[in-house]
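Scroll down for the structure; my scribbles are underneath it.
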Amino acid sequence: MDLSNLRKEIDSLDSKIVSLLNERATVSVQVGRAKAAAVAGTDDPAAVAAVASTAEVYVPRREREVFEQVVRMNHGPLSNEAVVAIYREIMSASISLQQQVAVTFLGPAGTHSHQAAMDRFGDSVLYVPMTTIADVFTAVEQGRAMYGVVPFENSTFGSVAQTLDRFISSPLQIRGETYLPIHHYSCRRRLCMPFDVPHAERISVSSTAQAAELASKEPHAAAIANQVCAQLYGLQIVAPRVEDAQGNTTRFLVLARESDSIASSQPDRDKSLLCFTVDHRVPGALCDALRVFKDCGINLTRIDSRPDRLRNDRGGLWHYVFFRALKELEGLCVDLKVLGSYPVMEGKFSAAPGMTVG
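In our numbering, each residue's number is its place in the sequence shown (first place is 1) plus 4.
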């Protein structure tokens with residue numbers, strides 16, 4: 005078959021693909037309306053529209069089911085990763101048809117948090133950068149964003165203290181997680197002269213995003229940044245993966261306001277995170293609390309302790325707040341709060357070697 009005929013065949017396939025994509029999007033919108041009608045308890049258009057305007061449209065468990073299904077159906081030559089990436093954007097576009105979804109993250113634009121949010125939600129939602137992790141929590145709590153994405157744990161540096169501390173006072177729930185391999189790239193302006201680094205002046209900045217922005221404005225400057233920064237600021241990648249720590253990965257959590265509409269259909273494939281406080285004046289209090297997990301056959305993968313500033317500020321004795329995965333401990337704890345249950349990320353999205361997953 006000659007080139008002309010091959011291109012005609014591609015054009016014909018593209019026409020069918022676009023038609024099927026729109027057909028799928030139409031059904032997706034109908035699914036959203038059906039869910040809203042079920043919650044509203046009526047088919048009245050005004051009532052359904054009111055529910056739909058605030059209903060959660062991102063359901064991680066359904067997302068996982070779709071990804072696993074399309075991977076099973078994939079027989080190549082496209083890789084499974086490529087198929088998942090395509091469906092990520094299809095689902096992102098479908099979400100945007102149901103309502104305008106705002107996702108907040110630790111900014112500025114181009115940070116690893118921004119990249120993690122895009123990996124989770126695709127390109128069709130509205131991204132809102134925040135100055136601090138606490139601001140991400142606050143924006144979701146106040147309804148200025150439907151979802152927030154925050155760093156929780158890094159395979160090199162450990163837990164993110166600001167995220168742990170904010171969970172103590174926040175009513176938000178965890179809806180999902182994503183793992184982002186941290187890669188850095190040497191980037192320069194596309195039109196600048198070949199960049200030679202031996203005598204270059206090094207300038208420290210607040211983030212890789214700021215470095216990329218500055219490099220985009222200087223005629224003979226380069227920056228160490230991620231791929232998202234290079235795309236946002238029109239930089240050319242000179243050298244890929246120049247990071248010092250190979251295999252560095254950050255785990256991010258997706259936050260949302262509390263909702264009764266999200267239920268687990270596969271609890272054996274979910275993870276849970278909870279926060280509880282024990283009174284250290286009681287000998288063996290922590291041991292008794294942890295024994296509950298063992299007695300119930302629940303595997304524990306990580307424990308973090310943080311000072312409970314609320315108690316300490318009131319003059320109370322030193323308490324520690326422990327972050328843990330799963331189960332009821334009310335009878336043994338001063339207080340207990342379940343922070344969320346969410347699907348385990350598998351395959352391309354699984355944790356890096358040596359990184360905890362609970």
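Think of the CB as a built atom: it goes at the ideal place given N, C-alpha and C, for glycine as much as any other residue. Quantities reported herein were computed from a predicted structural model and do not represent experimental measurements.
For a minimum of 4 consecutive residues, which ranges assigned as the alpha helix (DSSP H) are wholly contained in the region 55-114? 64-77, 84-102
According to DSSP, which residues form a beta bridge with S345? Position 341 of the sequence shown, counted from the first residue, corresponds to residue 345. S345 is bridged to S276.
Quick one: what's L218 bridged to in DSSP? By one-based count along the sequence shown, residue 218 stands at place 214. According to DSSP, L218 bridges with nothing at all.
In the DSSP assignment, what are the bridge partners of L184? Taking the sequence shown and counting its residues from 1, the one referred to as residue 184 is at position 180. For L184, which the question treats as bridged, DSSP gives the partners T254.
Determine the closest residue to S32 out of I99, S210, H284, with distance taken between C-alpha atoms. Here residue 32 is taken as the residue at index 28 of the sequence shown, counted from 1. Residue I99 is the option with its Cα nearest to S32.
Terminal residues of the beta strand (DSSP E) in which N158 lies: The count along the sequence shown starts at 1 and reaches residue 158 at position 154. Per DSSP, N158 belongs to the beta strand (DSSP E) from 151-158.
With DSSP collapsed to three states, give me the class of D48. One-based indexing of the sequence shown puts residue 48 at position 44. DSSP places D48 in coil when its eight states are reduced to three.
Tell me whether the region 124-140 and the region 166-175 touch, counting them as touching only if at least three CB pairs, one residue from each stretch, are closer than 8 Å. yes
Quick test of your reading: T182 and D127, contact by CB under 8 Å. State the CB separation rounded to the nearest angstrom. Looking up residue 182 in the sequence shown gives position 178. Looking up residue 127 in the sequence shown gives position 123. Contact flag wrong, Cβ pair sits at about 15 Å.
Exposed or buried, which one is Q102 when buried takes at least 16 other CB atoms within 10 Å? The sequence position of residue 102 within the sequence shown is 98, counting from 1. Q102 should be labelled buried.
For the alpha helix (DSSP H) that contains L290, what are its first and last residues? Mapped onto the sequence shown, residue 290 falls at position 286. Run containing L290: 289-299, per the alpha helix (DSSP H) assignment.
Would you give the residue range spanned by the beta strand (DSSP E) that A138 belongs to? To locate residue 138, count along the sequence shown from 1; it is residue 134. Counting along the chain, A138 falls outside any beta strand (DSSP E), though it belongs to the alpha helix (DSSP H) covering 137-145.
Distance, A59 Cα to A260 Cα: On the sequence shown, residue 260 is found 256 positions in, with the first residue counted as 1. On the sequence shown, residue 59 is found 55 positions in, with the first residue counted as 1. When rounded, the distance between both Cα atoms is 11 Å.
Determine, using beta-carbon pairs with one atom in the region 20-29 and one in the region 88-99, whether at least three such pairs fall under 8 Å. yes
For K221, count neighbouring C-beta atoms within 10 Å of its own C-beta (all shown protein chains included) and say buried if the count is 16 or more, exposed if not. Against the sequence shown, residue 221 aligns to sequence position 217. The residue in question, K221, is exposed, as its Cβ has fewer than 16 Cβ neighbours within 10 Å.
Measure from the alpha carbon of Q104 to the alpha carbon of each residue in V129, H118, S208, G111, then state which is nearest. Taking the first residue of the sequence shown as position 1, residue 104 is located at position 100. The shortest C-alpha separation from Q104 is found at V129.
From which residue to which residue does the alpha helix (DSSP H) around M122 run? What you label residue 122 is simply residue 118 of the sequence shown in a count that begins at 1. Segment 116-125, the alpha helix (DSSP H) holding M122.
How many Å lie between C233 and T281 at the Cα? Locating residue 233 in the sequence shown gives position 229, where the first residue counts as 1. Locating residue 281 in the sequence shown gives position 277, where the first residue counts as 1. Looking at the two C-alpha atoms, the distance is approximately 41 Å.
Below 8 Å CB to CB, which residues in the same chain sit around Q214 once its five sequence neighbours on both sides are set aside? Residue numbering aside, residue 214 sits at position 210 when the sequence shown is read from its first letter. If we look at Q214 and ignore the five residues flanking it on each side, its Cβ neighbours are P112.
What did DSSP end up calling V33 once you bin it into helix, strand or coil? The count along the sequence shown starts at 1 and reaches residue 33 at position 29. In this structure, V33 counts as helix in the three-state DSSP scheme.
Hey, is the region 74-94 in contact with the region 113-121, meaning 3+ C-beta pairs nearer than 8 Å? no
Using only the alpha-carbon positions, how far apart do V132 and I21 sit? As a first step, residue 132 must be located in the sequence shown, where it is residue number 128. As a first step, residue 21 must be located in the sequence shown, where it is residue number 17. If you take the alpha carbons of V132 and I21, they lie about 32 Å apart.
Could you check the C-alpha separation between Q180 and D6 for me, to the nearest Å? Numbered from 1 along the sequence shown, position 176 holds the residue referred to as residue 180. Numbered from 1 along the sequence shown, position 2 holds the residue referred to as residue 6. Checking the displayed sequence, the identity of residue 180 turns out to be Gly instead of Gln. Going by the C-alpha atoms only, they are around 48 Å apart.
Which of the three DSSP states, helix, strand or coil, is assigned to R11? To locate residue 11, count along the sequence shown from 1; it is residue 7. Helix.
Between which two residues does the beta strand (DSSP E) carrying V226 extend? The count along the sequence shown starts at 1 and reaches residue 226 at position 222. In the sequence as presented, Val is not what sits at residue 226; that position holds Ala. Unbroken beta strand (DSSP E) run through A226: 226-229.
Quick check: what's the CA-CA separation for R11 versus E69? Along the sequence shown, one-based indexing puts residue 11 at 7. Along the sequence shown, one-based indexing puts residue 69 at 65. Distance between the alpha carbons of R11 and E69: 34 Å.
Tell me M134's beta-bridge partners as DSSP assigns them. Here the question's residue 134 lines up with position 130 in the sequence shown. L110.
Find the nearest neighbour of I178 within the set E72, R255, A89, S309, judged by alpha-carbon distance. Counting from one through the sequence shown, the residue named residue 178 turns up at place 174. Answer by Cα proximity: R255.
Between the Cα of L278 and those of F141, P175, G344, spot the shortest distance and give me the residue it belongs to. Position 274 of the sequence shown, counted from the start, is the residue given in the question as residue 278. Of the candidates F141, P175, G344, the one whose C-alpha sits nearest the C-alpha of L278 is G344.
For P175 versus E145, is the C-beta spacing smaller than 8 Å? Counting from 1 along the sequence shown, the entry for residue 175 is found at position 171. Counting from 1 along the sequence shown, the entry for residue 145 is found at position 141. Going by C-beta atoms, P175 is nearer than 8 Å to E145.
Span of the alpha helix (DSSP H), counted from its first residue to its last, around K173: As a working mapping, residue 173 is identified with position 169 in the sequence shown. Here residue 173 is Ser; the residue named in the question, Lys, does not match the sequence. Its alpha helix (DSSP H) spans residues 165-173.
By a C-beta neighbour count over all protein chains shown, 10 Å radius and 16 as the cutoff for buried, is L239 buried or exposed? Your numbering for residue 239 matches position 235 in the sequence shown. When all chains shown are included, L239 counts as buried.
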